[in-house]
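Residue numbers (the UniProt record's numbering): 1 to 120.
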């Protein structure tokens, strides 16, 4: 059985700039330390939304979980709206439109974990 060096498949995750929301702020995607022959079944991004702005309305093939790290905002998805604060988590199934508006005076900071469903 081939051995895998844990030093090259574990460790601190680094982020690179991915894109910017139209209003809200930057999005950074994580570069996970797993080899291409055994990739993680998910990806990670971190992003921010400036006060009195929203991230882009989004819909995609992947399921997604947002973890709110700091700030306050109103998330809308499908026909629902909820206020989110630091420590809250919200999940979206694929193809459900979703967006958050920063209602607070400070930047809203979040981490996203997303992955394709098994049949994609």
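Where is the CB? At the ideal position from N, CA and C, for every residue including glycine.
Asked	Found
Which listed residue (115, 110 and 114) has its alpha carbon closest to that of residue 55	110
Three-state class that DSSP yields for residue 37 in the structure shown	coil
Own chain residues within Cβ distance below 8 angstroms of residue 28, not counting five before or after	15, 16, 17, 18, 45, 46 and 47
Residue 104 to residue 80 span [Cα, whole Å]	20 angstroms
CA-to-CA distance, residue 101 to residue 83, given in whole angstroms	9 angstroms
Option in 25, 23, 30 and 22 with minimal Cα separation from residue 13	30
Candidates 94, 112 and 99, of which the one nearest residue 61 by Cα	94
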